[in-house]
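Below you'll find the structure, written out as structure tokens, and then a few comments.
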Amino acid sequence: MTATPVPHASRAEIFGWAMFDFANSSYTTVVITVVYATVFPRLIVGDGPDFALGNLLWSVALSISYALAAFSVPMLGAVMDASGQKKAFLAGSWIVTVVATAALALASPGHVPLAMFLIVLSSWAFSVGESFSASFLPDLGPPSALGRISGMAWGLGYFGGLLSTAMVLQLGPQTLENFGNLRWIGPITAAFFFFAALPTFALLKDRGAKRPIRLAATREALGRLRDTARHLPRYRDLMIFFVGLLFAMAGLSIVVSFAFIYGDQVIGWSDGTRALMFVVTQITAAFGAAAFGFLQSRFGNRNTYLLTLAMWIGAVALIWGTPRITVGLQGIGLDVGAERIFLLVGCAAGLCLGATQSAGRTMVALFAPADKVGEFFGLWGLFGKVAAIIGLMSLGVLQTLLGLQTAILLCAGFFGVAFAVTLFVDENRGRRVAEG
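The opening residue of the sequence shown carries number 3 in our numbering; numbering runs sequentially from there.
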């Protein structure tokens, strides 16, 4: 049976959907990547000088949240499909993320269990919300437009991260003496996420008949999930893609969670350079997500995705080599500091940061049958979160043995395997199966 063509959603609805990327980027940028990711090991745990214990506990907290998301998202996605109430599920995850993030203000230096609990809860809610939001993508336009729509939204998200982090950085230096101001990291981020997401719930539409979320619907969802599992071999290209995604997201989770920790502990950058790196990566990532979205339409989603993975391998090699490159340049009379080189590397990494995730999201949208979108994006979430657990725990343990600089090379290995696996994906065949 041929699928009915999907018309473009209105510009207002696409804008509303994109605003959720704008809003939720405040959480992942401020809490997971730039600010709280360094506050936690430096001040909450405070186990200097190398912060190995704090880094490990940070990995553990995120890994627990991703494990919870991996097990819960497929089931929640199936229930969401059965009920037809996507917005209700998205709203629930949004509220939990906002409340748990605001509560980070309660965690003082030394309150490690409380801080870890709130990170686990907020990160879990953010993760399931990410899958719920992505499940709307196939409804927003025909396959030829999805790459552009996804890239535009992901690019807009980086500006949300830029704006929210600029607000939080006004709180001052990360010192014990300034912790009274730093308590506001959570509440400011939560407020930004709350208010910036309001257009999403005003403009985005549920499609299809709604059904009450009852025990019978839950049992039906479990049956649908079992049926999907039995028929997964039919979706060969989607499964190959998911295997590659497992390795790609393992590498990406390390970059997102440890890039600024690496700059702090290996490069030894100043607060000014840290802020500049943040601005540079957000702008280049926004440009990359939008530009690669257009490349997807011209050269294919798989080919564009492969290009971003190849770029990641080179970027990780440069991240690892920054201290050595600095010494080498000094040896030939060029006094270029490690911070400057790291900034240039950040530009390259930023270009493919959003592009990789946006292209991956589009691939799932193209390979998902119309009646199983929530379930398949639930599987997308499952593979992504299992990958994050593998990546973060591997890096967390490896950096205690070899140091953070050497351990970061693990990312290049993950991206290399992802590239090799994705070569076996046939995009046209995968789309035909989804439409048939």
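Backbone N, C-alpha and C fix where the C-beta goes; we use that ideal spot for every residue, glycine too. If you're wondering where the values come from, they're calculated on a predicted model, not measured in any experiment.
Range covered by the alpha helix (DSSP H) that runs through residue i
{"i": "R431", "result": "429–437"}
{"i": "I269", "result": "Run containing I269: none; DSSP gives neither H nor E here."}
{"i": "Y29", "result": "Unbroken run through Y29: none, as it is neither H nor E."}
{"i": "W156", "result": "145–170"}
{"i": "P115", "result": "114–136"}
{"i": "K88", "result": "88–104"}
{"i": "L411", "result": "Run containing L411: none; DSSP gives neither H nor E here."}
{"i": "F42", "result": "No alpha helix (DSSP H) contains F42, which DSSP labels as neither H nor E."}
{"i": "R342", "result": "340–369"}
{"i": "L200", "result": "200–205"}
CA nearest to the CA of residue i, picked from the options
{"i": "V37", "options": "F344, L240, A90, R185", "result": "R185"}
{"i": "D266", "options": "L406, N183, S61", "result": "L406"}
{"i": "Q401", "options": "S67, F243, F260", "result": "F260"}
{"i": "F196", "options": "F262, A93, I242", "result": "A93"}
{"i": "A69", "options": "S125, F262, L411, A90", "result": "S125"}
{"i": "R276", "options": "R363, G295, A293, A168", "result": "A168"}
{"i": "F73", "options": "R431, F426, L384, G432", "result": "L384"}
{"i": "A367", "options": "G86, A147, G56, I46", "result": "A147"}
{"i": "K387", "options": "S61, G188, A71, I46", "result": "A71"}
{"i": "V399", "options": "S133, T202, S61", "result": "S61"}
{"i": "C349", "options": "L309, I121, T283", "result": "T283"}
{"i": "S1", "options": "V47, R236, L55, D141", "result": "Outside the shown range of the chain (3 to 438) lies residue 1, about which nothing can therefore be said."}
{"i": "A136", "options": "V268, S110, A361", "result": "A361"}
{"i": "Y237", "options": "R431, Q359, T35", "result": "R431"}
{"i": "L311", "options": "F379, L171, F128, G415", "result": "G415"}
{"i": "D428", "options": "M365, G418, L404", "result": "M365"}
{"i": "M241", "options": "D49, S152, I121, F378", "result": "F378"}
{"i": "G56", "options": "I269, A117, F134, F294", "result": "A117"}
{"i": "F449", "options": "S85, A90, L59", "result": "Residue 449 cannot be examined here, being either before or after the span of the chain that is shown, 3 to 438."}
{"i": "F280", "options": "L336, L346, G335, Q332", "result": "L346"}
{"i": "R209", "options": "R363, L139, V257", "result": "L139"}
{"i": "F134", "options": "S396, L411, R434, G380", "result": "G380"}
{"i": "I46", "options": "S152, L412, S110, F262", "result": "S110"}
{"i": "I410", "options": "D49, G290, I315", "result": "I315"}
Three-state class that DSSP yields for residue i in the structure shown
{"i": "T177", "result": "coil"}
{"i": "A317", "result": "helix"}
{"i": "F53", "result": "coil"}
{"i": "R238", "result": "helix"}
{"i": "P7", "result": "In this predicted model, P7 has a pLDDT of only 49, less than 50, meaning its place in the structure is not dependable; the value taken from the coordinates is given anyway. Note: P7 maps to coil in three-state DSSP."}
{"i": "F426", "result": "coil"}
{"i": "G290", "result": "helix"}
{"i": "L254", "result": "helix"}
{"i": "I391", "result": "helix"}
{"i": "W186", "result": "coil"}
{"i": "L336", "result": "coil"}
{"i": "D473", "result": "Absent from the model: residue 473. The displayed extent of the chain is 3 to 438, so no value can be given."}
{"i": "S110", "result": "coil"}
{"i": "S67", "result": "helix"}
{"i": "R300", "result": "helix"}
{"i": "R276", "result": "helix"}
{"i": "S396", "result": "helix"}
{"i": "S85", "result": "helix"}
{"i": "D373", "result": "helix"}
{"i": "S61", "result": "helix"}
{"i": "R232", "result": "helix"}
{"i": "S259", "result": "helix"}
{"i": "S12", "result": "coil"}
{"i": "R209", "result": "coil"}
{"i": "G295", "result": "helix"}
Own chain residues within Cβ distance below 7 Å of residue i, not counting five before or after
{"i": "A20", "result": "M154, A155, L158"}
{"i": "S299", "result": "S146, G149, R150"}
{"i": "L205", "result": "A14, E15, F17, G18"}
{"i": "G131", "result": "N26, L92, S95, W96, T99"}
{"i": "F418", "result": "A small fix is needed here, since residue 418 is Gly in this sequence, not Phe. Only I315 meet the Cβ criterion."}
Beta-carbon contacts of residue i that lie in its chain and below 6 Å, excluding the five residues immediately before and after
{"i": "A389", "result": "L248, M251, A252"}
{"i": "A351", "result": "A317"}
{"i": "L123", "result": "A102"}
{"i": "A54", "result": "T402"}
{"i": "S65", "result": "I391, L394, M395"}
Close Cβ partners of residue i (< 8 Å) along its chain, the five nearest in sequence each way excluded
{"i": "I392", "result": "L248, A252"}
Chain C within 7 Å of residue i, Cβ atoms only
{"i": "Y237", "result": "Going by chain labels, chain C is absent from the structure shown, which holds only one protein chain."}
heavy atom of the ligand GTP below 6 Å from residue i C-beta
{"i": "G131", "result": "The ligand GTP is not part of the structure shown, which contains no ligands of any sort."}
Inset, instruction - Mind the definition here: the region 100–108 touches the region 74–82 only if three or more C-beta pairs lie below 8 Å; say whether that holds. - result: With a cut-off of 8 Å, the region 74–82 and the region 100–108 do not count as touching, because too few Cβ pairs lie within range.
Inset, instruction - Count the CB pairs spanning the region 146–165 and the region 18–34 that are closer than 8 Å, and state whether there are at least three. - result: yes
Legend entry - Three-pair Cβ contact test at 8 Å for the region 327–344 versus the region 298–311: no
Inset, instruction - Specify whether the region 172–183 and the region 41–51 touch according to this definition: at least 3 beta carbon pairs, one from each stretch, less than 8 Å apart. - result: The answer is yes - the region 41–51 touches the region 172–183, with three or more Cβ pairs under 8 Å.
Legend entry - Cβ pair count under 8 Å reaching 3, the region 315–335 against the region 423–434: No, the region 315–335 does not touch the region 423–434.
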